[in-house]
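Protein sequence lines, in the order shown, are assigned to chains A and B. For the first sequence, the numbering used here gives the first residue as 1, with consecutive numbering after it. For the second sequence, the numbering used here gives the first residue as 1001, with consecutive numbering after it. The beta carbon of each residue, even a glycine, is placed where N, CA and C say it ideally should be. Have a look at the structure below, then the notes.
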Amino acid sequence: MSTTNGLPISISGITKRYGNLYALDNIDLEIKQGEFLTLLGPSGSGKTTLLMALAGFTRPDHGSIKFGDEEIILKAPHQRGVGMMFQNYALFPHMNVSQNISYPLRLRKVNKTEIAERVNQALETVQLTGFGDRGINQLSGGQRQRVALARAIVFGPRILLMDEPLSALDKNLREKMQIELRHLHEELGMTTVYVTHDQREALTMSDRIVVINNGKLMQCATPLDLYDYPANKFVAEFIGESAFLKVDHQGDGIYFDGQKLVVETLPKKQKDLLLMVRPERLMVMVDGQNTKDMNIFNVTVSEIVYQGETKMIYVILDDGVSMSMRLSTRSGQPQNQIDKGDKIKLVLHKSDTTVVVDGGY
Amino acid sequence: MSISTYGHVNEQELKNHATKERRILLGLTYPAVFCVITVMVIPVAWLFYLSFIGSDGNFSLEHYQRMLDSKSYARIFLMTFKVSLLTTVICICIGYPLAYFLSQLPARVANICMLSVLLPFWTSLLVRTYSWLVLLQRKGIINQAGMDMGFWDEPLKLVHNLSGTLIGMVHIMLPFLILPLYASMKSIPQDYMKASSNLGATPTQSFWQVFFPLSLPGLMAGSLIVFILSLGFFVTPAILGGGKVIMVAMQITNNIELFYDWGAASALGVVLLVMTFGILFIASKLVRLDNVLGGGH
């Protein structure tokens, strides 16, 4: 397969209403050339609607979508030339593997020798060499997924859309395919828009993640920024686990329960602020620890749950709010002594002390 | 708990339970099997036997011989196949687009429309056939309206001929085509059409290259049902054919009612049955028969 250069996608003011419900509410988004961008959100958030608008299967009420410099919003799906992988693969059952993969080439009137060549190349790319004559029903879920991928890229699209393509696979295969898709994307260089509701998948695969909720764009950021600096409580809650403690913004600083917190940056907003506490960022304070740049919390252990590689320590703060801490289960650590009912001190580093805005729902 | 002869705890007892369950399940088929034997197998076997009994009461092939000799029988069979084939073709021409339309509607609207397809299905066949007679006859509503509006001057011969028969039969057979066809179209995921258009197919190409081939099993099933039912049809051609359209089933009635010749009637029935099986056999080579008999995938 010839390496294709991706086309940038420029979305502006895209709105789609169903009755009073906004499936997409004035979405603006710039997708860079060759970027792997993931649309992440709960079911019904509008992420699939946005993907379908890119593919041409949903007609937005207004707005503009450009592939490169070309406005495509009025173009029919078959004129858009984007590759797409469907959730259930949508392989044609009356065609075998080769016929499925060659279908877009046959529609484009590519000559027969070139079709055979490119089909073989595509099969090789997805590691299914020799499967050309198989029927679709003779394939396993993972193999179907690869055929769908081969069919979506065989005609060299410069944009690839994927609608939860891995959701039907079991966990091990899914993790393997995530890496493979990622490699393939690096190899072929097409702009990729990927839809998922699985936050871990999004973090693993994406250059940037767009979080969507109720048809609104919540945040668009790299996986790291999204996890560490969520734009609001919804994003923080949707990506990873976390507890939220109500904090006040008074003049010079952020206060939790009367205690002034050390923070890296002060939020601009004054009201509705929450301290986001990720379970894995908390530590148990040990004797003689340097507590400079640390925030200290006095807590009581309410429950300990063993989860294999880690254990969750559920604690209650003095004012009754609960949060949790994730500890490794490695032997020989002082925190292994902790028991239910113990009163302990937890510390949170300044750079892990993130204040977020309540909202996003 | 007891140790059986097999040596494992409760093995014999568990086996007995399984056998008992199977017997009870099998028992559910007894009424149906009984009915089929008394009203189908025995009478058909009896007729089969009768068809080989000559007028002198001994074994003879005279009924079959007569069918081969007489040109009128060949004509009747030809007419039967012609009417059945035409009915099937017209049903496809009307039914396929309709079924496609229904399959593309949202479920609730489709159900209401489906009801309008099924409603005539629940009306008596005789009532529907006589209604056509009222509508189509010389001074019927259609001829009156047509002449009043000046479309034609002389009353059209719409009934008591082949066209009348076909109108009536298509009306009665249409649901038999639409139901399996609609079911098979409904089972084609919308994503297939999306995928094909995404891959570059125009709507026309998507239809002929993806949708149509996938709807073929349903189309074959429906067509076969219509064709085979039409082969043995009696009421509609008898009333709307006006004696000009004689099909096998009518000839069988004539043989019994006019000539009281059970042998000849049975022989006709046997030939029709064999031909029907022949067609089913050929069709089963073309399309998997469980689509016809099982009505789905």
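Quick check on DSSP: helix, strand or coil for residue i?
i	result
A/Lys343	strand
B/Gly1294	Here B/Gly1294 scores only 44 on pLDDT, less than 50, and its place in the model should not be relied on; the value that follows carries that caveat. Helix at B/Gly1294.
A/Arg106	helix
A/Asn96	strand
B/Glu1154	coil
A/Gly189	coil
A/Gln199	helix
B/Gly1168	helix
B/Leu1289	Residue confidence for B/Leu1289 is low, a pLDDT of 49 falling below 50, so the modelled location carries little weight; the figure read from the coordinates is stated next. Residue state, collapsed to three classes: coil.
B/Ser1187	coil
A/Thr3	In this predicted model, A/Thr3 has a pLDDT of only 47, less than 50, meaning its place in the structure is not dependable enough to derive any value.
B/Leu1216	helix
A/Glu264	coil
A/Arg208	strand
A/Phe244	strand
A/Asn295	strand
A/Asp133	coil
Residue i touches chain A at which residues, Cβ-Cβ below 7 Å?
i	result
B/Val1210	Phe92
B/Gln1205	Leu107
B/Pro1213	His94
Is the distance from the Cβ of residue i to the Cβ of residue j below 8 Å?
i	j	result
A/Val277	A/Met218	no
B/Ile1252	B/Leu1133	no
A/Gly68	A/Pro8	yes
A/Phe234	A/Tyr361	yes
A/Leu37	A/Arg208	yes
A/Leu139	A/Ala152	no
A/Phe86	A/Asp198	no
A/Ser98	A/Asp61	no
B/Met1173	B/Leu1126	no
B/Phe1227	B/Ser1060	no
B/Met1067	B/Val1245	no
A/Leu40	A/Ala202	yes
A/Val119	A/Arg146	no
Would you mind working out which of the options sits nearest residue i, comparing C-alpha positions?
i	options	result
B/Pro1097	B/Phe1212, B/Ala1145 and B/Ala1265	B/Phe1212
B/Phe1277	B/Phe1233, B/Ser1266 and B/Leu1224	B/Leu1224
A/Arg158	A/Gln289, A/Gln33, A/Val286 and A/Gln307	A/Gln33
A/Phe256	A/Thr265, A/Leu274, A/Pro267 and A/Gln270	A/Leu274
A/Lys268	A/Gly81, A/Thr354, A/Pro60 and A/Thr113	A/Thr354
B/Leu1135	B/Leu1216, B/Leu1125 and B/Gly1168	B/Gly1168
B/Leu1231	B/Val1248, B/Thr1123 and B/His1008	B/Val1248
A/Ala168	A/Leu184, A/Gly142 and A/Ala148	A/Gly142
A/Ala76	B/Leu1273, B/Leu1258, B/Ala1201 and B/Leu1272	B/Ala1201
A/Val195	A/Asn120, A/Pro165 and A/Ser351	A/Pro165
B/Ile1175	B/Ile1094, B/Glu1062, B/Pro1189 and B/Trp1152	The displayed chain sequence assigns Pro, not Ile, to residue 1175 of chain B. It is B/Ile1094.
A/Gly254	A/Thr329, A/Ile313 and A/Val356	For the record, residue 254 of chain A in the displayed sequence is Ile; it is not Gly. With distances taken between Cα atoms, A/Ile254 lies closest to A/Val356.
A/Ala351	A/Met285, A/Asp228 and A/Lys260	Here residue 351 of chain A turns out to be Ser, not Ala, going by the sequence shown. Looking at the Cα atoms, A/Asp228 is the closest of the given residues.
B/Ser1072	B/Val1274, B/Ser1284, B/Leu1268 and B/Leu1280	B/Leu1268
B/Trp1208	A/Asn172, A/His94 and A/Thr113	A/His94
A/Gln259	A/Val286, A/Ser331 and A/Lys246	A/Lys246
A/Leu50	A/Ala243, A/Glu186 and A/Ser10	A/Ser10
A/Thr15	A/Leu149, A/Gly56 and A/Asp25	A/Asp25
B/Pro1043	B/Val1270, B/Leu1177, B/Ile1178 and B/Asn1143	B/Val1270
A/Asn214	A/Leu317, A/Leu184 and A/Asn20	A/Asn20
B/Ser1184	B/Ala1099, B/Ala1145 and B/Ile1053	B/Ala1099
Listing by chain order, which chain B residues have their CB less than 7 Å from the CB of residue i?
i	result
A/Pro60	Residues of chain B passing the Cβ test: none, with the nearest at roughly 17 Å.
Just to check my reading of the structure: residue i and residue j have Cβ atoms closer than 8 Å, yes? What is that Cβ distance to the nearest angstrom?
i	j	result
A/Ile106	A/Phe155	Note that residue 106 of chain A is Arg in the sequence shown, not Ile. With a Cβ gap of about 10 Å, A/Arg106 and A/Phe155 do not count as contacting.
A/Glu35	A/Thr222	Actually they do not touch by this definition, with Cβ atoms about 11 Å apart.
B/Arg1128	B/His1171	7 Å
A/Val299	A/Val315	4 Å
A/Asp272	A/Asp358	4 Å
A/Val347	A/Met283	5 Å
B/Ser1266	B/Leu1047	4 Å
B/Leu1050	B/Gly1263	5 Å
Residues of chain B with CB closer than 9 Å to the CB of residue i, please, in chain order.
i	result
A/Met84	Lys1194, Ala1195, Asn1198 and Leu1199
A/Pro223	By Cβ distance, chain B contributes nothing, its closest Cβ being about 28 Å from A/Pro223, past 9 Å.
A/His78	Ser1196, Ser1197, Asn1198, Leu1199, Gly1200, Ala1201, Thr1202, Pro1203, Gln1205 and Ser1206
So which residues on chain B does residue i lean against when the C-beta distance must stay under 8 Å?
i	result
A/Pro165	Correct list: empty, because the minimum Cβ distance to chain B is about 12 Å.
A/Ala55	Lys1194 and Asn1198
A/Pro104	Leu1199 and Gly1200
Answer yes or no: does any C-beta atom of chain D fall closer than 8 Å to that of residue i?
i	result
A/Tyr18	Going by chain labels, chain D is absent from the structure shown, which instead holds the protein chains A and B.
Run down chain A in chain order and give the residues with a C-beta less than 8 Å from the C-beta of residue i.
i	result
B/Pro1189	Asn88 and Ala90
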